[in-house]
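In structure tokens:
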């Protein structure tokens, strides 16, 4: 039989990806191989665990898998960009270099939105691929959802995701709240929050491939958040704001949130124990 057994192809890919210093070489190789073979990862694993595996890498799949492994190991391209999609809550989102790869910790913003009153008007500010806005509309169709980004190319990706998923979100191009109507009850945001001083320490996957404008925010990483909270101090209709922040930033952002007029402020930890979310409410 022509080609290479999937198990052998996978082992070679794991070795190459591990040698490049990637953190999850086995998972990466499995996702890439399943993508090339046109099957889901569960089907691949079932075959690999079988006493008589029959999956083989042959024909055009040989070159496609070699190219995918090269992109991961040599170019350190994120797996999500190579396969072109990423799961986020119940959705499968198209992703590419126009926007950040959606992270699991950002799902916490959706959790905050799920607790909003029926019919609330919500803005996902800095939407990127549209992940938060689309997930929230998917799980709470009663909410009126808009999403904004300063990047037109990111908005193109978000619109594409919205059309494919059939979810009704209004897309706005805006720099923070400039020219955004004062009609929202809640604002959820994963803004840029990486300090310029941290640039050199970022993983190659992030630094080489993800859009810098969605990552960096001045010397301490808080420039975008300061601007947003300053703008919110005069928008008293916004009863709730939720901000994703970087490690160690939550105490400062909580203080800025209080100074903007949000009396009830709390910080929420992610699964790694990092204070990842700052949530402010206008109430007492």
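In our numbering, the protein residues as written are 988 to 1271. By construction, the Cβ of each residue, glycine as well, lies at the ideal position given by its N, Cα and C atoms.
With DSSP collapsed to three states, give me the class of residue i.
i, result
"residue 1275", "Absent from the structure is residue 1275, since the part of the chain shown begins at 988 and ends at 1271."
"residue 988", "Low confidence applies to residue 988: its pLDDT is 46, below 50, so where it sits in the model is not reliable enough to give any reading."
"residue 1052", "helix"
"residue 1262", "strand"
"residue 1165", "coil"
"residue 1269", "coil"
"residue 1183", "helix"
"residue 1256", "strand"
"residue 1136", "strand"
"residue 1044", "strand"
"residue 1160", "strand"
"residue 1194", "helix"
"residue 1026", "coil"
"residue 1099", "helix"
"residue 1218", "helix"
"residue 1117", "coil"
"residue 1016", "helix"
"residue 998", "helix"
"residue 1153", "coil"
"residue 1031", "helix"
"residue 1147", "helix"
Looking only at its chain, what residues have a beta carbon closer than 6 Å to the beta carbon of residue i, apart from the 5 residues adjacent to it on each side?
i, result
"residue 1001", "1012, 1013 and 1016"
"residue 1157", "1133"
"residue 1112", "1135, 1174 and 1176"
"residue 1247", "1216, 1219 and 1220"
"residue 1087", "1115, 1197 and 1201"
"residue 1267", "1228, 1244, 1249 and 1252"
"residue 1256", "1262"
"residue 1110", "1133, 1171 and 1174"
"residue 1162", "1137"
"residue 1239", "none"
"residue 988", "Note that residue 988 scores 46 on pLDDT, short of 50, meaning its location in the model is unreliable; the coordinates nonetheless yield the value given after this. Answer for residue 988: no residue qualifies."
"residue 1234", "1261"
Between residue i and the rest of its own chain, which residues show a CB-CB distance below 7 Å, the 5 nearest in sequence each way excluded?
i, result
"residue 996", "1020, 1044 and 1052"
"residue 1183", "1203, 1205 and 1206"
"residue 1140", "1085"
"residue 1048", "1023 and 1024"
"residue 1142", "1136, 1158 and 1160"
"residue 1274", "The structure shown does not extend to residue 1274, since the chain is modelled only from 988 to 1271, so the question has no answer here."
Report back the beta-carbon spacing between residue i and residue j to the nearest angstrom; my notes put them in contact at under 8 Å.
i, j, result
"residue 959", "residue 1154", "Examination of residue 959 is not possible in this model, given that the chain is present from 988 through 1271 alone."
"residue 1172", "residue 1108", "5 Å"
"residue 1063", "residue 1192", "5 Å"
"residue 1100", "residue 1127", "7 Å"
"residue 993", "residue 1032", "With a Cβ gap of about 10 Å, residue 993 and residue 1032 do not count as contacting."
Any idea which residues DSSP pairs residue i with across the strands?
i, result
"residue 1004", "Note: residue 1004 sits in no beta bridge, so no partner."
"residue 1131", "1108"
"residue 1079", "1074"
"residue 1174", "1110 and 1228"
"residue 1203", "1181"
"residue 1251", "1268"
Spatial neighbours of residue i within its chain, please: C-beta separation below 8 Å, excluding the five flanking residues on both sides.
i, result
"residue 1124", "1130, 1132, 1154, 1155 and 1156"
"residue 1084", "1068, 1196, 1197 and 1198"
"residue 1224", "1169, 1170, 1171 and 1172"
"residue 1258", "1091 and 1092"
"residue 1028", "1017, 1018 and 1021"
"residue 1269", "1223, 1225, 1226, 1227, 1248, 1249, 1250 and 1251"
"residue 1178", "1112, 1113, 1204, 1211, 1212, 1215, 1230 and 1231"
"residue 1006", "1060"
At least three beta-carbon pairs within less than 8 Å, the stretch 1188 to 1198 to the stretch 1210 to 1224: No contact exists between the stretch 1188 to 1198 and the stretch 1210 to 1224.
Notebook entry, point to check: Does the stretch 1083 to 1093 come close enough to the stretch 1103 to 1123 that 3 or more CB-CB pairs lie under 8 Å?
Noted result: Inter-segment contact for the stretch 1103 to 1123 and the stretch 1083 to 1093 is present: three or more beta-carbon pairs are separated by less than 8 Å.
Taking one C-beta from the stretch 1069 to 1076 and one from the stretch 1030 to 1044 each time, how about it: are there three or more such pairs within less than 8 Å? Look at the beta carbons and you see the stretch 1069 to 1076 not touching the stretch 1030 to 1044: under three pairs across the two are nearer than 8 Å.
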